[in-house]
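Scroll down for the structure; my scribbles are underneath it.
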Amino acid sequence: MIDHLPIPELYVSYESAKKLKLEASDLPSWDLTPRQICDLELLMNGGFNPLKGFLSEKDYLNVVQEMRLADGSLWPIPITLDVTPAFADTIEVGTDIALRDQEGVILATLCVSDNWVPDKTLEAINVFGADDVTHPAVNYLYNTAGSVYLGGTVTGIQQPVHYDFRRRRDTPNELRAYFRKLGWRRVVAFQTRNPLHRAHQELTFRAAKEAQANLLIHPVVGMTKPGDIDHFTRVRCYESVLDQYPSATTNLSLLNLAMRMAGPREAVWHGLVRKNFGCTHFIVGRDHAGPGKNSQGEDFYGPYDAQKLFREHQQEMGIEMVDFKHMVYVQERAQYEAADEIEEDATVLNISGTELRRRLSEGLEIPEWFSFPEVVRELRRSRPERSKQGFTVFFTGFSGSGKSTIANALMIKLMEMGGRPVTLLDGDLVRKHLSSELGFSKEHRDLNIRRIGYVASEITKNGGIALCAPIAPYAATRRAVREDIEAFGTFIEVHVATSLEECERRDRKGLYKLAREGKIKEFTGISDPYDVPENPEIRIETEHADVDNCAHQVILKLENLGLIS
Ligand code: PPS
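Oh and the sequence shown: position 334 is 334 in the UniProt record's numbering, straight run, nothing missing.
Pasting the structure below:
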């Protein structure tokens, strides 16, 4: 039965918030990252109950090692405030800091009780099951998160502002009140980060029927797996599917959670959060919140590990698991049925996620038995076929390797073809127009490349072609740029693999000579490192081909990927 009592929130009253906001403007302040904003919202509104703030070191270690807070309460995912060492150095334990959103609005204060350097390897292995950066959360942990954590209790001033789908966003107490008002006594929640197709509609409908419960479609709109369909598109898809359910049985509410893709631990976390939102049942599927393959090409988690861990804890959690029925389309009977209930000789039709993406990107038919026409229409609107999508070609290589020359030739060829705007972000030009204050330290190079990545991602998002040609010596930074771009379109890394000896022999700008004489410091290849790309989409050997041929190799790859026709 639903627990209709309100869940504790961390907000202070309206009057106190006004006063606190004024006082907080003098405090040291931390600008929250997008992930931290998601975490803070769920801390403040009770979605992460019983947490009262960002984890202390003691709670963190317990969560990492035992999946429990220091007081023994079940909690599988560390909710931590990661900051830079420079910021952490200025913060004394016992002081308050202001937590601001990305526009500088103060959302909360944090009374700092802990300031420590975490053992990230321990966190990666225990929480995510692998010290492998192909796992998106492990990659985030090592390459995005700050190296110091601050812990302490949070005092909530105001909710993060959302301008989109406002009527579909509910706090735990708002949803609890909604269930109470409608007299819903049993509610089964469906977690998703993908659009709903007919199979999902069938399984959620059946799950609700089996549990004799109402249905809450509770998609994540905070952060999901890099490369997922954006939440704007997904929510329009969900809304169009709602009237497929018997009227007044089903509700759609958006959850501003930042997923970690932590499989079994994540399933338990999702369950605890849904319990806070007033649900009595939770659907757990095959490979729930699985991040895909690891660097060895194997799945990170077993397909039913999440169900197993959830089942072990469901009593304690107070929310019951409904296992996901794998629904398949049976052609003879023109309907969806549970895969384990159909006879062997039935003709089963299926379209995998990969096949769906292929059909969308190539503009091919998506049959009505698979999805709803409104959903397909929305997907096509936001994901035009590949030859109309934006993309980025990212050249990397030593100074003088030929990056700019090949990128220029490629730009001309693409402009000759027409159809999409082309922008060249050449290393030298970027340093003149965007990064004129930067030098060549690791920090400055990273900043320079992240700026290029940001501009390229905007161009890609808006359907253009970005050609980037910096040295970009660090693999981790190139990888971060790839992620930024792949959220919107294709990223093609081109390693211009001219050897250092050849670049130095050419020495077109006379810089190698100066670097050898020690007159230029931190010079890539001479006195500064270059991580050779391990798996670029293209590797070009310029010593055996002329510029036209090098640019043509890229054109062939773009054709091969369906990006140009
Ligand atoms: S980075 O590392 O990607 O930020 O470098 P990038 O912005 O592409 O470098 C642009 C050009 O700066 C010249 N230059 C140096 N390169 C490497 N190391 C040092 N210390 C250095 N100082 C100046 C170099 O000619 C780069 O141009 P390209 O086009 O690569 O020859």
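For every residue, glycine included, the Cβ atom is placed at its ideal position computed from N, Cα and C. All values reported here derive from a predicted model rather than from experimental measurement.
| Item | Value |
| --- | --- |
| Which parts of the stretch 277-314 are runs of the beta strand (DSSP E), unbroken and 3 residues or longer, counting only runs that do not cross its ends? | 281-284 |
| Any heavy atom of the ligand PPS closer than 7 Å to the beta-carbon of Thr498? | no |
| Secondary structure at Ile474, three-state DSSP: helix, strand or coil? | It is Tyr, not Ile, that sits at residue 474 in the sequence shown. In this structure, Tyr474 counts as coil in the three-state DSSP scheme. |
| If you compare alpha carbons, which of Tyr60, Ser73, Leu558 and Arg185 is closest to His313? | Ser73 |
| Which first and last residues belong to the alpha helix (DSSP H) in which His231 is found? | His231 to Val241 |
| Any heavy atom of the ligand PPS closer than 7 Å to the CB of Ala476? | no |
| Assess, as a yes-or-no matter, whether the stretch 375-384 is touched by the stretch 497-505 under the definition of 3 or more beta carbon pairs within less than 8 Å. | no |
| Rounded to a whole number of angstroms, what is the C-alpha to C-alpha distance between Leu203 and Met327? | 6 Å |
| Less than 8 Å separating the beta-carbons of residue 605 and Pro136? | Shown here, the chain extends from 1 to 565; a query on residue 605 therefore has no answer. |
| Which whole-angstrom value is the C-beta distance of Lys21 and Ile97, which I expect to be below 8 Å? | The Cβ separation is near 14 Å, so there is no contact. |
| Would you report the Cα separation of Asp446 and His162, rounded to the nearest angstrom? | 31 Å |
| If you draw a straight line from the C-alpha of Thr477 to the C-alpha of Gly53, how long is it? | 31 Å |
| Using the Cα positions of Leu5 and Ala213, report the straight-line distance between them to the nearest angstrom. | 19 Å |
| So what's Ile342 in DSSP terms, helix, strand or just coil? | coil |
| Compute the Euclidean distance between the alpha carbons of Leu242 and Cys550, then round it to the nearest angstrom. | 51 Å |
| Relative to the C-alpha of Glu343, which candidate in Glu332, Val481 and Leu255 has its C-alpha closest? | Glu332 |
| CB-CB under 6 Å to Arg482, same chain, minus the five flanking residues each way: which ones, in chain order? | Phe491 |
| Taking only three categories from DSSP, how would you classify Ser113? | strand |
| Going by the C-beta, is Glu517 closer than 7 Å to any heavy atom of the ligand PPS? | no |
| Applying the criterion that 16 or more other CB atoms from any shown protein chain within 10 Å of the CB defines a buried residue, is Thr121 buried or exposed? | exposed |
| For a quick check, are the C-beta atoms of Leu216 and Ser253 less than 8 Å apart? | yes |
| When you compare the CB positions of Gly390 and Gly290, do they come within less than 8 Å of one another, or not? | no |
| Which residues mark the beginning and the end of the alpha helix (DSSP H) in which Tyr149 is found? | Here Tyr149 belongs to no alpha helix (DSSP H); instead the beta strand (DSSP E) covers Val148 to Gly156. |
| Where DSSP assigns a beta bridge to residue 566, which residues make up the other side? | The requested residue 566 is not part of the displayed model; the chain covers only 1 to 565. |
| Can you name the start and end residues of the beta strand (DSSP E) that Met67 belongs to? | Counting along the chain, Met67 falls outside any beta strand (DSSP E), and DSSP gives it neither H nor E. |
| Suppose you measure from the CA of Glu458 to the CA of Leu558; what does that come to, to the nearest Å? | 20 Å |
| At the level of alpha carbons, what is the spacing between Arg420 and Leu410? | 14 Å |
| Note down, in chain order, each residue of its chain lying with its Cβ closer than 6 Å to the Cβ of Gly152, except the 5 sequence neighbours on either side. | Gly53, Leu110, Cys111, Val112 and Ser113 |
| Kindly examine the ligand PPS and report whether one of its heavy atoms sits closer than 7 Å to the Cβ of Ser404. | yes |
| For the alpha helix (DSSP H) that contains His200, what are its first and last residues? | Arg198 to Glu210 |
| Is the closest heavy atom of the ligand PPS to the C-beta of Glu103 under 7 Å? | no |
| At a threshold of 7 Å, does Leu511 count as lining the ligand PPS (C-beta to nearest heavy atom)? | yes |
| Quick one: complete beta strand (DSSP E) runs, 3+ long, within the stretch 361-438? | 391-396 and 422-426 |
| If you draw a straight line from the alpha carbon of Asp428 to that of Gly463, how long is it in whole angstroms? | 25 Å |
| Return the chain-ordered list of same chain residues with a C-beta closer than 6 Å to the C-beta of Leu27, the five sequence neighbours on each side being excluded. | Asp96, Ile97 and Ala98 |
| What distance in whole Å lies between the Cβ atoms of Val273 and Phe48, which are believed to be in contact at a cut-off of 8 Å? | 7 Å |
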